[in-house]
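Residues 0 to 103 (numbering that gives the first Met the number 0) are what the sequence shown spells out, left to right.
Built from N, CA and C at the ideal position, the CB exists for glycine as well.
Owing to the predicted nature of the structure, the values given are computational and were not obtained by experimental measurement.
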Amino acid sequence: MFRDAQAPRFTAQDGQRLGFVMRALRWFHREQLLSHGLLIANAPLTPAERRVLLALLDGDTESRIAQKLDQSPNTTHFHVKSIYAKFGVRNRPSLSALWLGKLR
């Protein structure tokens, strides 16, 4: 990205490639922040909450998530409630909409 005074200017093709790379980096950075609950959550998510969140967003039921993560349904429900509180939502549709950038 850096060119000194003697280097030739960026070509239009170079500019397009750089734009593509920058958009991909922005998307990747946003995904990383979201996955750690740092972008829109009130507090960072724990590793267990991140696993539950990914399963929620995949459409799994709480009982299926508990089975998949080998934990009790009560533990899963506790994580779901904690996730909702951290994101300031009350249900899965609101969480999904927030995740997709529709609420804020």
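C-alpha gap between residue i and residue j, whole angstroms
i	j	result
Ala96	Asp59	16 angstroms
Trp98	Ala11	35 angstroms
Met21	His76	39 angstroms
Leu52	Val88	13 angstroms
Arg49	Lys80	13 angstroms
Ala84	Gly18	37 angstroms
Pro46	Asp13	40 angstroms
Ile82	Arg16	38 angstroms
For residue i, the three-state DSSP class (helix, strand or coil)
i	result
Thr75	helix
Leu24	helix
Pro46	helix
Contact set for residue i: own chain, Cβ-Cβ below 7 angstroms, skip 5 residues either direction
i	result
Pro72	Glu61, Ser62 and Ala65
Residue burial classification, residue i (beta-carbon count within 10 angstroms, cutoff 16)
i	result
Glu30	exposed
Ala40	buried
Leu24	exposed
His78	buried
Ala54	buried
Cβ neighbours of residue i in the same chain (closer than 8 angstroms, five flanking residues each side left out)
i	result
Leu56	Leu94, Ser95 and Trp98
Just list the alpha helix (DSSP H) runs in the region 49-97, keeping only unbroken ones of 4 residues or longer that don't cross its boundaries, in chain order.
-> Taking only runs of at least 4 residues, the alpha helix (DSSP H) segments lying wholly in the region 49-97 are 61-68 and 72-86.
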